[in-house]
Amino acid sequence: MKRRRAISPFIATVLLVAMTISLGGVLYTQFRDTVVSQIRNPSVSLIDVNVADDRRTVTLLVKNDGNVDFRVSSFSLAYGAATQNYVIGTNVSLISGDASMKPGSLLTARFKIVTTRLPSLASFTITIVADQLARAFNVEA
Numbered sequence: 045m046k047r048r049r050a051i052s053p054f055i056a057t058v059l060l061v062a063m064t065i066s067l068g069g070v071l072y073t074q075f076r077d078t079v080v081s082q083i084r085n086p087s088v089s090l091i092d093v094n095v096a097d098d099r100r101t102v103t104l105l106v107k108n109d110g111n112v113d114f115r116v117s118s119f120s121l122a123y124g125a126a127t128q129n130y131v132i133g134t135n136v137s138l139i140s141g142d143a144s145m146k147p148g149s150l151l152t153a154r155f156k157i158v159t160t161r162l163p164s165l166a167s168f169t170i171t172i173v174a175d176q177l178a179r180a181f182n183v184e185a
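Whatever position you read off the sequence shown (first residue = 1), add 44 for this note's numbering.
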């Protein structure tokens with residue numbers, strides 16, 4: 045009877061570890077996108093800010109660039125030491141879009157500064173306040 049040589053225990057261990065790591069890598073890449081897409085990630089971007097020639101009327105273009113719905117409730121404008129709040133439905137007009145924003149949707153809002161005028165090339169901060177987030181943007185206009 046002939047005796048065959050078996051694989052050495054070291055080579056068998058190396059092969060098993062390599063196959064386990066390969067299988068883990070395949071599973072990771074297959075399920076990573078699924079898991080990441082299910083994580084709630086509210087996010088908002090200020091796409092454009094336009095200050096009219098009267099230096100009081102401000103128009104904002106806002107985008108929901110997250111993956112969950114949210115409702116924008118107000119905007120805040122901080123210039124110098126003063127901060128003014130503008131509430132949708134009270135002193136903010138919606139030009140297009142809706143305050144309840146779905147992922148990828150756009151909202152155009154306009155409000156008028158009552159107490160002051162923004163000088164040309166002024167730096168100020170716009171804060172977007174929604175039910176799940178608040179984010180501030182430094183703007184020069």
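Virtual Cβ for every residue (Gly too), placed ideally from N, Cα, C.
ask   = Beta-carbon separation of residue 130 and residue 168 under 8 angstroms?
value = Position 86 of the sequence shown, counted from the start, is the residue given in the question as residue 130. Position 124 of the sequence shown, counted from the start, is the residue given in the question as residue 168. Going by C-beta atoms, residue 130 is not nearer than 8 angstroms to residue 168.
key: Three CB pairs or more closer than 8 angstroms across the stretch 58-77 and the stretch 140-147   = no
ask   = To which residues of the same chain is residue 163 closer than 8 angstroms at the C-beta, ignoring the five residues directly before and after it?
value = In the sequence shown, counting from the first residue as 1, residue 163 sits at position 119. So the list reads 99, once near-sequence residues are dropped.
message = In the DSSP output, which residue or residues are listed as bridge partners for residue 123?
response = Your numbering for residue 123 matches position 79 in the sequence shown. Partner(s): 126.
Residue 152 to residue 79 span [Cα, whole Å] = Residue numbering aside, residue 152 sits at position 108 when the sequence shown is read from its first letter. Residue numbering aside, residue 79 sits at position 35 when the sequence shown is read from its first letter. Using only the alpha carbons, I get a separation of about 32 angstroms.
message = Using only the alpha-carbon positions, how far apart do residue 55 and residue 64 sit?
response = Locating residue 55 in the sequence shown gives position 11, counting from the first residue. Locating residue 64 in the sequence shown gives position 20, counting from the first residue. Rounded to whole angstroms, residue 55 to residue 64 spans 14 angstroms at the Cα level.
ask   = What span of residues does the beta strand (DSSP E) with residue 179 cover, start to end?
value = Locating residue 179 in the sequence shown gives position 135, counting from the first residue. Here the beta strand (DSSP E) through residue 179 covers 178-184.
task = May I ask you to list the residues that DSSP assigns as paired with residue 153?
result = Here residue 153 refers to the residue found at position 109 when the sequence shown is read from its first residue. Beta-bridge pairing links residue 153 to 104, 138.
ask   = Where does residue 117 fall in DSSP's three states?
value = As a first step, residue 117 must be located in the sequence shown, where it is residue number 73. Strand.
ask   = If you draw a straight line from the C-alpha of residue 135 to the C-alpha of residue 159, how long is it?
value = Position 91 of the sequence shown, counted from the first residue, corresponds to residue 135. Position 115 of the sequence shown, counted from the first residue, corresponds to residue 159. In a straight line, the C-alpha of residue 135 is about 13 angstroms away from that of residue 159.
Straight-line gap, residue 177 to residue 94 (C-alpha atoms, nearest Å) = If you number the sequence shown from 1, residue 177 lands on position 133. If you number the sequence shown from 1, residue 94 lands on position 50. Near 23 angstroms, if we compare the C-alpha coordinates of residue 94 and residue 177.
ask   = If you drop the 5 nearest sequence neighbours on each side, which residues of the same chain put their C-beta closer than 8 angstroms to that of residue 85?
value = Taking the sequence shown and counting its residues from 1, one reaches residue 85 at position 41. Counting only Cβ-Cβ distances below 8 angstroms, and skipping sequence neighbours, we find 110, 111, 112.
query = Based on the DSSP output, what are the partners of residue 54 in its beta bridges?
reply = Taking the sequence shown and counting its residues from 1, the one referred to as residue 54 is at position 10. Note: residue 54 sits in no beta bridge, so no partner.
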